[in-house]
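Residues in the sequence shown are numbered from 158 upward in steps of one, following my numbering. Quick reminder that beta carbons are idealized off the backbone N, C-alpha and C, glycines included. Notes to accompany the following structure.
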Amino acid sequence: MDITQSNEILLSITVEDLQSEAIEKIGRKLNDDEIRIAKKGLENGLLTNIDVVYSTIFNEMIDYERN
């Protein structure tokens, strides 16, 4: 397995990704104010629950290694 770069991006959500989700969920693109609100919500949501995400990732790794 290749060793990854320490600065490699592991997750990225673009405005295009957000707009695609908006079209699917609410049937239209977001305006600039809505994008700012969404960005804040994404940042807060990801930062608030990052410990849960890391715990899940590492627990799955440990389970995988045991099997």
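Check	Outcome
In angstroms with no decimal places, state the Cα-to-Cα distance between V209 and M218.	14 Å
So, A179 versus K186, is the Cβ gap smaller than 7 Å?	yes
Are there 16 or more other CB atoms within 10 angstroms of the CB of M158, so buried, or fewer, so exposed?	Annotation note: pLDDT 49 at M158 (below 50); position unreliable, no value reported.
Assuming the contact rule is C-beta atoms closer than 8 Å, L199 and I170 should be a hit. Round their C-beta distance to whole Å, please.	6 Å
From E173 to I192, what does the alpha carbon distance come to, in whole angstroms?	11 Å
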